[in-house]
Amino acid sequence: MSHYEAPIREPLILGHKSYHDITEDIAKPIEGKANKNWYIAFYISLSAMLWGFGCIFYTVGTGIGVWGLSKNIGWAWDITNFVWWVGIGHAGTLISAVLLLFRQKWRMAINRSAEAMTIFAVFQAGLFPIIHMGRPWNGYWVLPIPNQFGSLWVNFNSPLLWDVFAISTYLSVSLVFWWTGLLPDFAMIRDRAVKPFQKKIYSLLSFGWSGRAKDWQRFEEVSLVLAGLATPLVLSVHTIVSMDFATSINPGWHSTIFPPYFVAGAIFSGFAMVQTLLGIMRKVTNLEAYITRLHVEYMNIVIILTGGIVAVAYATEFFIAWYTGSQYEDYTYLSVGSATGPYAWAFWSLIIFNILTPQLLWIKKIRRSFIWSFLISIAINIGMWFERFDIIAIVLSKGHLPSTWWRFEPTFVDVGIFIGTIGFFFVLFLLYARTFPVIAQAEVKTILKSSGESYKKLRDDNHE
Amino acid sequence: MSSSKVIHAFYNDDEVVLDAVKKVKAANHHIEEVFCPFPVHGLDKAMGLAPTRIAITSFMYGITGLSIAIWLTYYTMIADWPQDIGGKPSFSWAENMPAFVPIMFELTVFFAAHLMVITFYMRSRIWPFKAAENPDPRTTDDHFLMEIELHDNEEELTTLLNETGAVEINVVDKH
C-alpha cells in the first residue's frame, strides 16, 4: 500500500487512466496538427509582436523622447510594464519550488506551464530596462567589468544593480530548473517519435536521458535542492524590485512595507496569469482530466490569500498617508488626493479590479467555476497593471513644487511596446504549447495510483 | 568487457518492480541497472545504490559563490575605486556590507544552482547531442526494465524473474 491517500481528498486525475494513457494524452498535442484556432491566435500574437518590435526600433532609432516621459516623470509605462511582467513571472517558480517543499501534489499538473509562463514573462520584463537605457548596445555596462574610463565599477550600493543580479539569477535558475524537469518528458516524446527529424530534435532536447535508477535518484535530489534554493530566490526578486522604489525618498515610494507587499502582489498576479492561460489551455489541448476544478480552486485560494495581503497593504498605505497629516503625502497613489484628483480613474480601477473583484472567490461556486475564475483572473491582471501604473505615474505626477506637476500621457509608442510584449509572450507560449510536453508527465505518473480517480474508487470500495 | 549476455526483464508496475528488485537481491544476483519511466521511491535503497552526494556539492558551490561576492564587492567598492555614494561608508567593507547582502545572496544561489545542475549532468552523463542509452523505448512510457548479467544461469534467472511478475523477458547480447 505505498500508494495511499485519504479517501476524503478529491482525485487529482479524473477518469480511468493507465500510465500509457498519460503518455498518450500528453504527447497528443505535440504529435497532432495545430487547428485553425491555434493559427488565428498565433497570427494575432505575431502581428502584435511585430508591431511592438517596430515601436522598439523607432524608440532606439529616435530616442526615449518618443515616449510620453518628461523631466518629472522619467519612469512611467516602461517600468510599469517591467514590474508587471516580473510579477507575473513569480507564479511558476513558486508553484514548482514552494509547493514542492510543501509536498503539494496538485502542483504537478500545472508546474510545467507555470514555469514556461515565468520564463517567457521574465523575457518581456527584461526588455524594458534594456530599451529604457536608450542606448541598448551599452547594456553590458551593468556588468561588473573594468571599462575604458579607468577602473570605474558598477555601483553595488544601488538597488537597480541588485535588480540586474536578481533577475538574471532568477531567469537562469528558473530556466535550468524547468529544463531539468523536462528531460524525462522530452525523452518520452523522443522514444515515441516516428518521423526521423522529430526524433533527432527531441533526442537533442532530452540530452540523452535514459532513466537509470541512479539518474532518478540524483534527479529527485537536484529537484529538491533547486526548490530549496529557488524559494528564497523567488521572494528576493520582487523584494529587490520593490527596493527600486522603497530606497528612494519620494513620498509614496519610501515605504518599509513595500518588499512583502510587492511579493504578495507578484504571487497574486502570477497565479491570475496561470489561471488565464490554463483556463484556455486545458480546453485546447484536451487535458481536462489533469487540470481539474480542484486545481482551479486551489489556485483561487492562493489568490484570495495573497490578494488579502495586498488589500491590507493598500489599507495600511492609505491610512499612514492620511495619518501623517503631511500635504506631500496627500497625493501618493493611495490617498484622498489621488482618489479624487485627475487620476481618479486609475485609482478606482485599481480598487475595483484588484480588491473588490477577487472577493467573489470567497463563494465556493465561483471559485470552482472555470469561466468565473477566468474572468476574475483577467480582472486581476488589469488591476495589477494599474497598481504599478498608480505607484509610478501618480506619485511622480505631483512633486514637492507645483512647477514640477505634470500629467503623464502615453504616446502610441508606449502603448505599442506594451502590446508588443503581450504578443511576444503569447507567441512563445503558443509555440511552447505545440512542441513541449505541457504537463510533467513523469511526475504525474507517480501520483496516478494515489490520486487517480479510478484507483481511489477501487480502494474505497475495497474498504467497505 | 567483451561481448556478454544480459537478461532484460520488463515490468509494468512500480510496486511490482520494487518487490522484484528486493527478491532478486535476496537471491544474491547483481542487478546491473533498472530503467524507469518515473521515479520509484525506495528503488535506490532496494538496489543498494549509495545515497547521492549532489546536495553536498551544491553547498560547497554556494560557499564559493558567497566568497566570490564578498571579494567582488570588496575589491570594486572598497579597494579599487572607493566613491562617496550617498554617504555610504566606502572605506570599510564591514560597514558597507548591508548594501551588499542582495548581491551576496544572489551570487550564492547562482553558483549553488548552476554548478550543481552541471555536476548532475556530468555525473549522469547527459548533455546535448548525447545518444540515449535506454535499451527499449517503452522504458520512458510505462515499462520498467531490469538488466541482469548472465553467467550461465539463464534458466534459473528466467524462472525467478517470472515469479516476480515480469511481463516480458529477453536475453540480449551486450557489448
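Respectively, the protein sequence lines represent chains X and D.
If you read the first sequence in my numbering, its first letter stands for residue -10, the second for the next number, and so on.
If you read the second sequence in my numbering, its first letter stands for residue 6, the second for the next number, and so on.
Glycine included, every Cβ here is placed at the ideal spot set by N, Cα and C.
Rounded separation between residue i and residue j - CA only
i: F407/X; j: L150/X; result: 24 Å
i: L447/X; j: E210/X; result: 32 Å
i: I108/X; j: T69/D; result: 26 Å
i: M232/X; j: H46/D; result: 43 Å
i: R357/X; j: D319/X; result: 40 Å
i: N275/X; j: V122/D; result: 33 Å
i: G50/X; j: I341/X; result: 39 Å
i: Y191/X; j: W95/X; result: 27 Å
i: S7/D; j: H35/D; result: In this predicted model, S7/D has a pLDDT of only 48, less than 50, meaning its place in the structure is not dependable; the value taken from the coordinates is given anyway. Between S7/D and H35/D, the C-alpha separation is close to 18 Å.
i: M(-10)/X; j: Y322/X; result: Residue placement at M(-10)/X is flagged as unreliable, the pLDDT there being 47, under the threshold of 50; a coordinate-derived value is accordingly withheld.
i: L58/X; j: Q113/X; result: 21 Å
i: F247/X; j: S237/X; result: 12 Å
i: I99/X; j: S338/X; result: 30 Å
i: I328/X; j: E376/X; result: According to the sequence shown, residue 328/X is Ala rather than Ile. Roughly 13 Å between the two C-alpha positions.
i: T59/D; j: E432/X; result: The question names Thr, but residue 59/D is Ile in the sequence shown. Those two C-alpha atoms are separated by around 21 Å.
i: V162/X; j: L222/X; result: 9 Å
i: Y250/X; j: E20/D; result: 46 Å
i: S97/D; j: G297/X; result: 42 Å
i: D18/D; j: K434/X; result: 11 Å
i: L164/X; j: D178/D; result: 40 Å
i: G41/X; j: G405/X; result: 5 Å
i: A422/X; j: P18/X; result: 8 Å
i: D10/X; j: I2/X; result: 12 Å
i: T113/D; j: V55/X; result: 40 Å
i: L116/X; j: W130/X; result: 16 Å
Beta-bridge pairing of residue i - partner residues as DSSP gives them
i: S9/D; result: K179/D
i: Y16/D; result: F149/D
i: I2/X; result: G441/X
i: E2/D; result: Residue 2/D is absent from the model: chain D starts at 6 and stops at 180.
Delimiting residues of the alpha helix (DSSP H) encompassing residue i
i: V29/D; result: D19 to A31
i: I83/D; result: Note, I83/D: premise wrong, no alpha helix (DSSP H); not H, not E.
i: V165/X; result: P148 to R181
i: H227/X; result: A202 to A235
i: Y456/X; result: For residue 456/X there is no data in the structure shown, the boundaries of chain X being -10 and 453.
i: V131/X; result: It is not in any alpha helix (DSSP H) - V131/X carries neither H nor E in the DSSP assignment.
i: V172/D; result: That residue, V172/D, is in no alpha helix (DSSP H); it is neither H nor E in DSSP.
i: N289/X; result: R282 to T313
i: F363/X; result: F359 to F378
i: Q187/X; result: P185 to L194
i: E20/X; result: Y8 to E20
i: S34/X; result: K25 to T51
i: E100/D; result: W98 to N101
i: Y126/D; result: V106 to R128
i: N70/X; result: W66 to I77
Simplified DSSP state of residue i, which is helix, strand or coil
i: G91/D; result: coil
i: M(-10)/X; result: Because the pLDDT at M(-10)/X is just 47, under 50, the model does not fix this residue reliably, and the value given afterwards should be weighed accordingly. Correct three-state label for M(-10)/X: coil.
i: F397/X; result: coil
i: G441/X; result: strand
i: E104/X; result: helix
i: Y279/X; result: coil
i: S85/X; result: helix
i: S338/X; result: helix
i: F415/X; result: helix
i: D141/D; result: coil
i: R124/X; result: coil
i: I352/X; result: coil
i: R423/X; result: helix
i: S386/X; result: helix
i: P248/X; result: helix
i: R448/X; result: helix
i: G259/X; result: helix
i: T265/X; result: helix
i: I73/D; result: helix
Contacts that residue i makes with chain B (C-beta to C-beta distance below 7 Å)
i: Q206/X; result: In the displayed structure, chain B is absent; the protein chains listed are X and D.
Start-to-end residues for the beta strand (DSSP E) that takes in residue i
i: V39/D; result: I36 to F40
Okay, do the stretch 306 to 316 of chain X and the stretch 288 to 296 of chain X touch, 3+ Cβ pairs below 8 Å being the bar?
Here the stretch 306 to 316 of chain X makes no contact with the stretch 288 to 296 of chain X; the two share fewer than three CB pairs at distances below 8 Å.
Report yes or no: do three or more beta-carbon pairs, one from the stretch 385 to 399 of chain X and one from the stretch 351 to 358 of chain X, lie closer than 8 Å?
The answer is no - the stretch 351 to 358 of chain X does not touch the stretch 385 to 399 of chain X, with fewer than three Cβ pairs under 8 Å.
Using a Cβ distance threshold of 8 Å, determine whether the stretch 116 to 136 of chain X contacts the stretch 81 to 91 of chain X, with at least three qualifying pairs required.
Fewer than three Cβ pairs drawn from the stretch 116 to 136 of chain X and the stretch 81 to 91 of chain X lie within less than 8 Å of each other, which leaves the two stretches out of contact.
Spell out a yes or no on whether the stretch 31 to 42 of chain D and the stretch 136 to 149 of chain D are touching, meaning 3 or more CB-CB pairs, one atom from each, closer than 8 Å.
Three or more beta-carbon pairs separated by less than 8 Å link the stretch 31 to 42 of chain D to the stretch 136 to 149 of chain D, which places the two stretches in contact.
When the Cβ atoms of the stretch 152 to 165 of chain D are set against those of the stretch 47 to 54 of chain D, are three or more pairs found closer than 8 Å?
Contact fails between the stretch 152 to 165 of chain D and the stretch 47 to 54 of chain D, because fewer than three Cβ pairs, one in each stretch, are under 8 Å apart.
So, do the stretch 198 to 218 of chain X and the stretch 251 to 264 of chain X have three or more beta carbon pairs nearer to each other than 8 Å?
Contact between the stretch 198 to 218 of chain X and the stretch 251 to 264 of chain X is not established, with fewer than three Cβ pairs separated by less than 8 Å.
Contact between the stretch 395 to 402 of chain X and the stretch 17 to 30 of chain X is defined here as three or more beta-carbon pairs at a separation below 8 Å; is this criterion met?
No, the stretch 395 to 402 of chain X is not in contact with the stretch 17 to 30 of chain X.
Between the stretch 412 to 427 of chain X and the stretch 31 to 47 of chain X, do three or more beta carbon pairs fall short of 8 Å?
Per the Cβ contact rule, the stretch 412 to 427 of chain X is in contact with the stretch 31 to 47 of chain X (3 or more Cβ pairs under 8 Å).
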